[in-house]
Amino acid sequence: GGRVQVRDVIRGSSFLGSEDPRTHFGLGEVAVLDCLVVRWPSGRRQVVRSPAVDRYLTVVED
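So the mapping is simple: the numbering used here equals the position in the sequence shown, first residue as 1, plus 4.
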């Protein structure tokens, strides 16, 4: 069994306000990921297989 991490990214809006949509997953010494699963507000589930580590990854809903 692998390790699972969960983050909620909630985008709100306010007058002249903004929130950073980025989220951080601390992987420690992990060098390889099996997959990244994104559950979008639309209800869709998107799987990114073998994403790169130690960098920003941009995921856009299909």
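Even glycine gets a Cβ: it sits at the ideal position worked out from N, Cα and C.
Since we're looking at a predicted model, the values are computed, not measured.
I need the DSSP call for residue 43, collapsed to helix, strand or coil. strand
Going by DSSP in three states, residue 15 sits in which element: helix, strand or coil? Secondary structure at residue 15: coil, using DSSP grouped into helix, strand and coil.
7 Å CB neighbourhood of residue 22 in its chain, flanking five on each side removed: none
By DSSP's criteria, residue 53 is part of a beta bridge. Which residues make up the other side? 39
Leaving out five residues on either side along the sequence, give the residues of the same chain with a beta carbon under 8 Å from the beta carbon of residue 29. 9 and 11
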